[in-house]
Amino acid sequence: MGVFIAIVQILDSTIRLSVPLLLACLAGLYSERAGIFDIGLEGKMLVGAFAGAAAASVFHSALLGLGMAILISVAFAMIHGFASITHRGNQIVSGVAINFIAAGSTIILGQAWFQQGGRTPALQPGERFDAIVWPGAEAVRDVPILGPIYSELISGHSILVYLAFLMVPFTWWVLFRTRFGLRLRAVGENPAAVDTAGISVAWLRYRALICTGVLTGVAGAYLSMVQNGGFVKDMTAGKGYIALAALIFAKWKPVNAMFACLLFGFLDALSIRLQGSPLPIIGKVPVQFMQALPYILTVILLAGFIGKAIPPRAGGVPYVKER
Amino acid sequence: MAQAAIELIGINKSFGAVRANRDINLEIARGTIHGIVGENGAGKSTLMSILYGFYQADSGEIRVGGQPASIKTPNDAIALGIGMVHQHFMLVDNFSVLENIILGAESDALLKRSIAKARSELERLEREYGLEVDPDAIVEELPVGLQQRVEILKALYRGAEILILDEPTGVLTPAEADHLFRILKQLKEQGKTVVLITHKLREIMAITDTVSVMRQGTMVATRETRKTTVEELAELMVGRRVLLRVEKGEAAAGGVKLAVKNLTVKDTRGVTMVDDISFDIRAGEIVGIAGVAGNGQSELLEAISGIRRAVSGSVMLDGKPIDLTGAADPGELRDRGLAHVPEDRHHVGLVLAFEENENSILGYHDDPRYLKGPFLNIDAIRDDAKDKIAKYDIRPADCRLKTANFSGGNQQKIVLAREMEQDPGVLIVGQPTRGVDVGAIEFIHKRLIAMRDQGKAVLVVSVELDEIRSLSDRILVMFAGRIVGERGPETTEGELGLLMAGVEHQGAAL
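Read top to bottom, the protein sequences are chains F and R. The opening residue of the first sequence carries number 76 in the working numbering; numbering runs sequentially from there. The opening residue of the second sequence carries number 1166 in the working numbering; numbering runs sequentially from there.
Here you go:
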């Protein structure tokens, strides 16, 4: 039974760790499907995390924090759009610049406003999103097998966790069942076809980036207002890049993206769980190795196991009318 | 004369210093097929893009159906009943036919209803115009002829009364082109107006009612098609008399230069594209290979020039064997006097981002003439490039200009000059005049004949039957990877067409 409980606990933390990846990955999916590479997911998450925690702590409202996280993150997405859509700049350079601005400005503003070495004040109850306990979760806790699954895995997460997983079918529906989704996919494959069909390429791509900004904002808010009780500098710690890797691994498909993010989350959860505990046969493994494991596996998975990933064909190329 | 569908009055358009359209006046009658001809860069496509709202004219007026029209975006054009089939199809390759057709003209925010409506509308259009295509097929899996049909359906679905086609036959096989013309005639019978942009005069003569000629941004003439001739149109296009059929004497064929025996080549997917082919080319003759694109000609060229490895077979160059199944590479073949002008000059023949002089020695850059010790001898290379520019009349005559900035015909001349000036014994040319203007075609054909008369062996692969017939001393027809017939230059187009369609081999092929 101890092994079962351990597995449930690992899966539970898999879900928690997957959420920011999943939100960022879906965010990237909107922009890359529209033909805009977005290496700035990391930066947008970071400003979202900072804005969310700062606003929540100042206004004593989790919802206001979330709103601010989304607002600032969308604003950064619009900067990316202004550089890469309106001015046809290099999307990678613009994305990298956003990451730098995000990393620097969050620390400077945090220090200037709160004088806690770049941190925001620890969030109080009511300023965070609390876990939602599903009806009957406590009652069934002791029921074998199903009890822990219901009370640990399904119940007891914050609203943002459920939101993140609901975004998967929703994104699929938007992409493949709506007019907006059809046009969004088309503009990522052949913007000239969209242009000659009488649709504005720029406006369509801006709208895709707004979707990206909203989702990275939520991802950031999750990091600083759910997973952690406040903003800590560089708290995204490369999750934006892992999300991009997951996006490629998922071949730009929403449901695949969920499984890819769960896999990366699982590796992360496993490495935390196994830290310090000796493994059978191998013995004790250095902490550093366990921490590096998810990244090593990322490289191996991306290099060898996904086969050929065909990105949206117009990805990364600014749209210029011919001649 | 019937009422005008479109009137263009005093249209001007400049791109920077280039005046693409100067004071254009044009009237197109309703229910006719109107041709617009001109060389590449004459301003045809610009004019049509203005009509379709892709560009804005600097000045001038457009009237549609007698009413002044302001066309600022393609949407305005679509609303006025103008549809356009672009030279490069504006299709999303991995979408289905239906998805492509509704894109931008969805009737509903949800796809299900839009697609259902489009499906029934498509069935009606198919019945009415004989435009059959599987609505659920993925576009990239369709042959180009059908992709073009999807473009036409797209325009008709949006209610187009005026259909503009920009170089529609450039990518089509002769049979597909004939089919397209039947469709266009049917559209005309239903009262639609068709505007056909092309530089192929034969098509103009075959299908249009009236024709306008453009040269260097101006509209030089409009004629009734049945009252004009190909010669007159060619002269109007180029501004001087043009020889449409190369003059050449009898071939004085000598000994065998290149002997291909039992050559078999597979493509990257592992499909056999060249199937046990044997033929000889003798000194002083041009052998032409005709065939519908995709019947193995490309793979044959690539194998003989050493770009693609052959599976089996032997090739003798000047009586000495070449191992095309293994070690041979294009450099070695070049050293042995086999020069190759590839089919696809943009991807294989040139580095477009390089200066002209760099491209003019590419592949021969190890030649001591171009070297100074371990370094390139820049002065020698540029002098050499200037000589070639003068000899081949490459314009603009600037060896420092980026190759991408030359027109298609001049780019082709750069490749030809590079390969011909090495004085090879065997010259292999793929699609010598694809995307090349009438004036430059004449020049290229003359050079190829001159090579032959110097006693070189020349192999020409082309999808243009006119070109094959006027250049070749012997014509080999390829179908499904095999040579299905050999004919002399006096053969008819009909006879070649039947061979190319594999009619004689139908039993074996199907």
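Where a beta carbon is used, it is the ideal one built from N, C-alpha and C, also for glycine. Since the model is a prediction, treat every value here as computed from it, not as a measurement.
Distance CB(residue i)-CB(residue j) smaller than 7 Å
{"i": "R:A1504", "j": "R:P1589", "result": "yes"}
{"i": "R:A1550", "j": "R:S1525", "result": "yes"}
{"i": "F:A102", "j": "F:L121", "result": "no"}
{"i": "F:A124", "j": "F:F306", "result": "yes"}
{"i": "R:D1343", "j": "R:H1251", "result": "no"}
{"i": "F:L98", "j": "F:V293", "result": "yes"}
{"i": "F:A158", "j": "F:G164", "result": "yes"}
{"i": "R:G1203", "j": "R:M1379", "result": "yes"}
{"i": "R:P1233", "j": "R:Y1217", "result": "no"}
{"i": "F:A321", "j": "F:A335", "result": "yes"}
{"i": "R:V1421", "j": "R:D1445", "result": "yes"}
{"i": "R:G1650", "j": "R:L1664", "result": "yes"}
{"i": "F:A187", "j": "F:G118", "result": "no"}
{"i": "F:A268", "j": "R:V1257", "result": "yes"}
{"i": "R:G1449", "j": "R:A1416", "result": "yes"}
{"i": "R:L1275", "j": "F:T253", "result": "yes"}
{"i": "R:M1438", "j": "R:V1430", "result": "yes"}
{"i": "F:A130", "j": "F:M143", "result": "yes"}
{"i": "R:P1308", "j": "R:V1262", "result": "no"}
{"i": "R:G1200", "j": "R:V1403", "result": "no"}
{"i": "R:V1601", "j": "R:R1510", "result": "no"}
{"i": "R:A1455", "j": "R:I1648", "result": "no"}
{"i": "R:E1658", "j": "R:V1407", "result": "no"}
{"i": "F:Q166", "j": "F:I85", "result": "no"}
{"i": "R:Y1322", "j": "R:I1372", "result": "no"}
Continuous beta strand (DSSP E) stretch holding residue i: start and end
{"i": "R:H1199", "result": "I1198 to V1202"}
{"i": "R:G1335", "result": "It is not in any beta strand (DSSP E) - R:G1335 carries neither H nor E in the DSSP assignment."}
{"i": "R:N1177", "result": "A1169 to F1180"}
{"i": "R:V1376", "result": "T1375 to R1380"}
{"i": "R:F1444", "result": "T1437 to R1447"}
{"i": "R:E1192", "result": "V1183 to A1194"}
{"i": "R:V1649", "result": "R1647 to R1652"}
{"i": "F:A214", "result": "Premise fails: F:A214 is in no beta strand (DSSP E) and is neither H nor E."}
The alpha helix (DSSP H) enclosing residue i, as first and last residue numbers
{"i": "F:M300", "result": "Where F:M300 is concerned, there is no enclosing alpha helix (DSSP H), given that its DSSP letter is neither H nor E."}
{"i": "F:G263", "result": "R254 to E264"}
{"i": "R:E1316", "result": "V1309 to Y1322"}
{"i": "R:G1384", "result": "Looking at the sequence provided, one finds Met at residue 1384 of chain R rather than Gly. No alpha helix (DSSP H) contains R:M1384, which is instead part of the beta strand (DSSP E) from T1383 to E1389."}
{"i": "R:I1593", "result": "Not the alpha helix (DSSP H): R:I1593 falls in the beta strand (DSSP E), residues V1591 to G1595."}
Cβ shell of residue i (< 8 Å), same chain only, five flanking positions each side left out
{"i": "F:H232", "result": "I90, R91, A206 and I207"}
{"i": "R:D1241", "result": "G1218, A1234 and S1235"}
{"i": "R:D1273", "result": "S1279 and K1282"}
{"i": "F:I323", "result": "L377, I381, A384 and P386"}
{"i": "F:V215", "result": "L221, G222, Y225 and S226"}
{"i": "F:L238", "result": "V293"}
Cβ shell of residue i (< 7 Å), same chain only, five flanking positions each side left out
{"i": "R:G1662", "result": "P1339"}
{"i": "R:M1370", "result": "T1390 and V1395"}
{"i": "F:A212", "result": "Y225, S226, S230 and G231"}
{"i": "F:R258", "result": "V269, I274 and L279"}
{"i": "R:Q1312", "result": "F1254, L1256 and V1304"}
{"i": "R:D1558", "result": "F1608"}
DSSP state of residue i mapped onto helix, strand, coil
{"i": "F:F79", "result": "helix"}
{"i": "R:N1460", "result": "coil"}
{"i": "F:F306", "result": "coil"}
{"i": "R:I1614", "result": "helix"}
{"i": "R:Q1576", "result": "helix"}
{"i": "F:R398", "result": "Caution applies to F:R398, whose pLDDT of 43 falls short of 50 and renders its modelled position unreliable; the value that the coordinates give is listed next. Note: F:R398 maps to coil in three-state DSSP."}
{"i": "R:V1304", "result": "helix"}
{"i": "R:A1424", "result": "strand"}
{"i": "R:T1211", "result": "helix"}
{"i": "R:T1394", "result": "coil"}
{"i": "R:V1452", "result": "strand"}
{"i": "R:A1149", "result": "Residue 1149 of chain R falls outside the range modelled here, since chain R spans only 1166 to 1675, and no answer is possible."}
Own chain partners of residue i with C-beta closer than 6 Å, once the 5 adjacent residues on each side are dropped
{"i": "F:E227", "result": "V83 and D87"}
{"i": "R:A1182", "result": "none"}
{"i": "F:L342", "result": "P369 and L372"}
{"i": "R:E1172", "result": "E1192 and R1228"}
In chain order, each alpha helix (DSSP H) run of at least 4 residues that lies wholly inside the region 130-196 of chain F: Taken in chain order, the complete alpha helix (DSSP H) segments of 4 or more residues contained in the region 130-196 of chain F are 137-156 and 166-189.
Length-filtered (3 minimum) beta strand (DSSP E) runs lying within the region 340-388 of chain F: Qualifying beta strand (DSSP E) stretches: none in this window.
Which ranges would you report for the alpha helix (DSSP H) in the region 1482-1570 of chain R if only whole runs of at least 4 residues count? Given a length threshold of 4 residues, each whole run of the alpha helix (DSSP H) inside the region 1482-1570 of chain R is given here in chain order: 1495-1500, 1521-1524 and 1543-1557.
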